[in-house]
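Undergrad: Note that the numbering used here has the sequence shown beginning at 976, numbered continuously upward.
Quick reminder that beta carbons are idealized off the backbone N, C-alpha and C, glycines included.
Structure below; questions to follow.
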Amino acid sequence: MQNPFSSINFLSSVPSPTQAPADTGAEVAFAGRSNAGKSSALNAITERKALARTSKTPGRTQHLVFFGLDDDSRLVDLPGYGYAKVPEHVKQKWGQAMADYLQSRRSLQGLVLLMDIRHPLTEFDQQMLNWCQHADMPVHILLTKADKLKRGPAKSTLLKIKAILAKYPNVSIQLFSALKKQGVEEAQAVLIQWLTKTAKRR
């Protein structure tokens, strides 16, 4: 099967939603703690090794980075949140930019929330889930770095998190490993569903 994301390209990297591409069509955003593997996941899902820059230093993504699939659909790499080794005022600036985007972006159809399977549901993750629930926004969770655990513990963690999140009606969850390409097709299917909705979310 042909990769549905083969035509993706970089559009822009902006510090503020006011500088973002036109708010039309459909968008899916990627969010997660600074070490959750967002860039690696984006590269794996789009099958483009260098689409999103990866770094050993958590928090390298400092802007909202937009990628275009066609004239009407985009993927967005949001600033990593959490313990990134940057000054506090920079963290606050990132956080404000992310909050402004999530609250104002009409074309946003869903949020892919990445969590390191070894450290899921941090305080930051919970805050993001609560906001999305309040906004009636679908969330798809990738439990990243699943290859770091053996199959049994990984499955157990997945079931545990599913049970905890059962109260959220718009949340789905899966195992994911960018290194082993585990869960890539499942994640692609969610993105395609969101990006091709005939009725926009809001």
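#1: To the nearest angstrom, report how far apart residue 991 and residue 1069 are at their CA atoms.
#2: Along the alpha helix (DSSP H) that carries residue 1162, what are the first and last residues, could you check?
#3: Is the beta carbon of residue 989 less than 8 Å from the beta carbon of residue 1039?
#4: For residue 1195, write down the residues that DSSP places opposite it in a beta bridge.
#5: Determine the contact status of residue 1153 and residue 1011, defining contact as a CB-CB distance below 8 Å.
#6: Can you tell me which of the three DSSP states residue 1073 falls into?
#7: Go ahead and label residue 981 buried or exposed: buried means 16 or more other beta carbons lie within 10 angstroms of its beta carbon, across all protein chains shown.
#8: Near residue 1032, what residues of its chain come up, given a Cβ to Cβ distance below 6 Å and the 5 sequence neighbours on each side ignored?
TA: So, from the listed chains and residues:
#1: Whole-angstrom Cα-Cα distance: 9 Å.
#2: 1159-1170
#3: yes
#4: Summary: the structure shown does not reach residue 1195, with the chain confined to residues 976 through 1177, and so no result is reported for it.
#5: no
#6: The answer is helix: DSSP assigns residue 1073 an H, G or I state.
#7: Taking all protein chains shown into account, residue 981 has fewer than 16 neighbouring C-beta atoms within 10 Å of its C-beta and is therefore exposed.
#8: Residue placement at residue 1032 is flagged as unreliable, the pLDDT there being 45, under the threshold of 50; the coordinate-derived value follows with that caveat. Nothing meets the Cβ criterion.
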